[in-house]
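With this note's numbering applied, the sequence shown has no gaps in its numbers, which climb one by one up to 155 at the end. Where a beta carbon is used, it is the ideal one built from N, C-alpha and C, also for glycine. Just below is one structure, and these are the notes that go with it.
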Amino acid sequence: MRWVEAYAGRNRYICSMEKVYKSRVARWYLWTCVGVAAAFVGSIFLCYYSTWILLIDVVFVGICVALMLDMLFHTDYTIRGDKLEIRCGILFRMTLPVSRIIEISHKSTMLSAPALSAKRIGIRYGRKNWVYISPQNREDFISDLRSINPEIAIS
Numbered sequence: 001m002r003w004v005e006a007y008a009g010r011n012r013y014i015c016s017m018e019k020v021y022k023s024r025v026a027r028w029y030l031w032t033c034v035g036v037a038a039a040f041v042g043s044i045f046l047c048y049y050s051t052w053i054l055l056i057d058v059v060f061v062g063i064c065v066a067l068m069l070d071m072l073f074h075t076d077y078t079i080r081g082d083k084l085e086i087r088c089g090i091l092f093r094m095t096l097p098v099s100r101i102i103e104i105s106h107k108s109t110m111l112s113a114p115a116l117s118a119k120r121i122g123i124r125y126g127r128k129n130w131v132y133i134s135p136q137n138r139e140d141f142i143s144d145l146r147s148i149n150p151e152i153a154i155s
């Protein structure tokens, strides 16, 4: 946890808490990253000794490797003041006021979400809106959210 100062004008500063939770990473995701990286190296080798047609394969697999590694290293959930910022590489960014969170439920789902593990928590905000995330330390994450908004229901 760290404190962040923001300039508010006329020599005033606002201090707010910032706590970053990294995403839990499943083994299947790590093995997929290794496999795609190996395919990328193999494609480069084959492209060097074979035709230019494989160059297209090298470009596409290279983009996949870059996106997967970006998601691996840049998927996190930041509680900054009274807002929850969810980031999953360059593909997904979301800022959610903690006051809008209604319910948190423990889910184990494979739905598409900014999470690198199937052990997730579902955050409901609004009537029907859900986002699924997988912080490494779920209990601390939930208690930090509830310290900001004690009306959050846990199911």
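For residue i, would you say it is in contact with chain C, using Cβ-to-Cβ distances shorter than 8 angstroms as the test?
i   : result
W28 : Absent here is chain C; the protein component of the structure consists of one chain.
In terms of alpha-carbon separation, which member of the options lies closest to residue i?
i    : options                  : result
M94  : R100, I102, I101 and E85 : E85
K22  : D57, V61, P150 and S117  : S117
W31  : I56, L69, S147 and V59   : L69
A115 : G81, L72 and F141        : L72
F92  : T109, I79, A113 and T78  : A113
I179 : A38, I154, V41 and D144  : In the structure as shown, the chain starts at 1 and stops at 155, and residue 179 therefore has no counterpart that could be examined.
S108 : R138, L96, R80 and Y125  : R138
What separation, rounded to the nearest whole angstrom, lies between the Cα atoms of residue i and residue j?
i    : j   : result
V20  : D76 : 7 angstroms
Q136 : E18 : 17 angstroms
I56  : G62 : 10 angstroms
I152 : T78 : 18 angstroms
R27  : C47 : 30 angstroms
Whole-angstrom Cβ separation of residue i and residue j, contact assumed at under 8 angstroms?
i    : j    : result
R87  : H74  : 6 angstroms
S134 : R120 : 5 angstroms
D82  : I148 : 6 angstroms
L111 : G89  : Going by Cβ atoms, the distance from L111 to G89 rounds to 18 angstroms, so no, they are not a contact pair.
V65  : V36  : 5 angstroms
Considering just the uninterrupted stretch of the alpha helix (DSSP H) at residue i, what are its terminal residues?
i    : result
S147 : R138 to I148
R127 : Run containing R127: none; DSSP gives neither H nor E here.
I need the boundaries of the beta strand (DSSP E) containing residue i, first residue and last residue.
i    : result
S169 : In the structure displayed, the chain extends from 1 to 155; residue 169 sits before or after that span and is not available.
T78  : T75 to R80
T95  : F92 to P97
I86  : K83 to C88
Segment contact flag, the stretch 129-148 with the stretch 93-110, C-beta cutoff 8 angstroms, min 3 pairs: Contact check between the stretch 129-148 and the stretch 93-110: three or more CB pairs, one atom from each, fall below 8 angstroms, which counts as touching.
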